[in-house]
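Q: Have a look at the structure that comes next, please.
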Amino acid sequence: MSALLQTRDLQLAFGAVVVADHINFELQEGERLAVIGQNGAGKTTFINICTGLIRPTAGQVFFEGREVTKLAPRAIALRGMVRSFQLPQLFTEHTVRDCVRIASAGKHGALGLWQPLAEAVPAAEVDHVLEMVGLLPRAGEISGALPEGQRKLLDIAMALILKPRLLILDEPTSGVSTDEKHGLMATIMRALDEQKVTAIFVEHDVDIVSTYATRVAAWIAGKVAADGKPADVLADPVIRANVIGE
Ligand SMILES: Nc1ncnc2c1ncn2[C@@H]1O[C@H](COP(=O)(O)OP(=O)(O)O)[C@@H](O)[C@H]1O
Ligand SMILES: [Mg+2]
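Residues in the sequence shown are numbered consecutively from 22, following our numbering.
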C-alpha cells in the first residue's frame, strides 16, 4: 500500500538559506505526526510545499500515490490534503457558522453571488462539525470576537467541513495559554479520531508532543534530523541540544 503522503528529494532555498534539503518523507494513514524544530528550521515551508503554496526547486510530492507537486492549493485540498495556518484565516466579520458555511461552499464551487449560503451547504453537516469542536453554542457569534483558542478551533472546523483525509496543523496551540493547550489538543484529536483523519501538527511544547503524537519528526536547517517514536526522538541527545534547547 502506498503512503498517504510522500515527498521525494524536496529541495528549496531562499537565497543562501536552504529551507528544504533533500527531504524524503513518508506518512502512513492513521499517524499523528508531530513536527518539531526551532524557528526558521523550515517546518512551515515543508507544509507550504506539500499543500501547493510554494513550489520546490526540485523534488516531488505524492498524495495517495498521485503526484500533486504542481497542483494549486485548492486542487490539493479537494483531493483531501487540507492545512490550517499558525494564525487562523477566518472571515472575521462573519458568524462562526457562516465561516464554516463559506469554507464548505468554496469547496463545492457554490460560492455564487446570488445563492444564499444557507442553501448551499447542508446545515446539519455544518452544525455537526461545530459540535465536534465545541463551538455550536457560539455558532451565531461574530468570529472575529472569539478568543484565540476558539479561533483555532473554528479554523479546524473550517478544515474538517472539507472532509480531509490528511489535516496539517501549523502550530495549533501557539498563542494559547499553557493551561488551555491540553484542552485544545484533546478537542482537536477527538474530532480527528471521529472523522478518521490522519494528522501532522507542528508543535513546540514537548509535553503536548509526547501526549498526542504517535511519531515525531525533528527539523534542523531544512533537514529531517530525526524521525521515529516520540520517546526516542525526544531523548535523542542531538535533538535535545539543537531542537528542544537544553
Ligand atoms: N517566502 C519567503 N521568502 C524568503 N524567505 C523565507 C520565505 N518563507 C520563509 N523564509 C525563510 O525560510 C526559513 C524557514 O522558514 P519557515 O519554514 O517559516 O520556518 P519554521 O516554520 O520552521 O519556523 C526562515 O529563515 C524564513 O525566514
Ligand atoms: Mg512556522
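Glycine included, each C-beta is placed from N, C-alpha and C at the ideal position.
1. Does at least one heavy atom of ligand 2 sit under 8 Å from the Cβ of Thr-65?
2. Could you tell me which residues DSSP pairs with Ala-239 in its beta bridges?
3. Please specify which runs of the alpha helix (DSSP H), each continuous and at least 4 residues long, are wholly inside the stretch 138-200, giving them in chain order.
4. Just curious, the alpha helix (DSSP H) that Arg-95 is in, first and last residue?
5. Does the beta-carbon of Ala-238, which I'm using as the reference point, lie nearer than 8 Å to any heavy atom of ligand 1?
6. Could you please give the first and the last residue of the uninterrupted alpha helix (DSSP H) stretch that includes Val-227?
7. Taking a contact to mean a Cβ-Cβ separation below 9 Å, would you say Lys-64 touches Val-223 in this structure?
8. Gly-101 to Ala-220, Cα distance in whole Å?
9. If I measure Cβ to Cβ from Gln-49 and keep anything under 7 Å in the same chain, skipping five residues before and after, which residues do I get?
10. Can you give me the C-alpha to C-alpha distance between Ile-209 and Leu-174, rounded to a whole angstrom?
11. Helix, strand or coil: which one does DSSP assign to Ser-23?
12. At what residues does the alpha helix (DSSP H) containing Asn-69 begin and finish?
13. For the putative contact between Ala-37 and Pro-77, defined by C-beta atoms under 8 Å, what is the C-beta separation to the nearest angstrom?
14. Let's test the definition: count the other Cβ atoms within 10 Å of the Cβ of Ala-212 and tell me whether it reaches 16, buried, or not, exposed.
15. Just checking, does the stretch 256-264 make contact with the stretch 238-248 on the three C-beta pairs under 8 Å criterion?
16. Based on DSSP bridge pairs, tell me the residues matched to Asp-257.
17. Answer yes if the stretch 91-99 comes into contact with the stretch 158-171, meaning at least three C-beta pairs across the two stretches below 8 Å, and no otherwise.
18. If you follow the beta strand (DSSP E) that Thr-113 is in, where does it begin and where does it stop?
19. Would you check whether ligand 1 has a heavy atom nearer than 8 Å to the C-beta of Phe-222?
20. Less than 6 Å between C-beta atoms, sequence neighbours within five positions excluded: which residues of the same chain meet that for Thr-113?
21. If the criterion is Cβ atoms closer than 9 Å, does the pair Lys-202 and Ile-229 meet it?
22. Is Asp-191 a contact residue of ligand 2, with contact defined as CB to any heavy atom under 8 Å?
A: Taking the definition as stated:
1. yes
2. Per DSSP, Ile-57 and Ala-247.
3. 138-141, 144-153 and 169-181
4. 94-100
5. no
6. For Val-227, the enclosing alpha helix (DSSP H) covers residues 227-233.
7. yes
8. 12 Å
9. Ala-24 and Leu-25
10. 7 Å
11. coil
12. 64-71
13. Contact flag wrong, Cβ pair sits at about 17 Å.
14. buried
15. yes
16. BP columns for Asp-257 are empty, so no partner.
17. no
18. No beta strand (DSSP E) holds Thr-113; DSSP gives it neither H nor E.
19. no
20. Ser-164 and Gly-165
21. yes
22. yes
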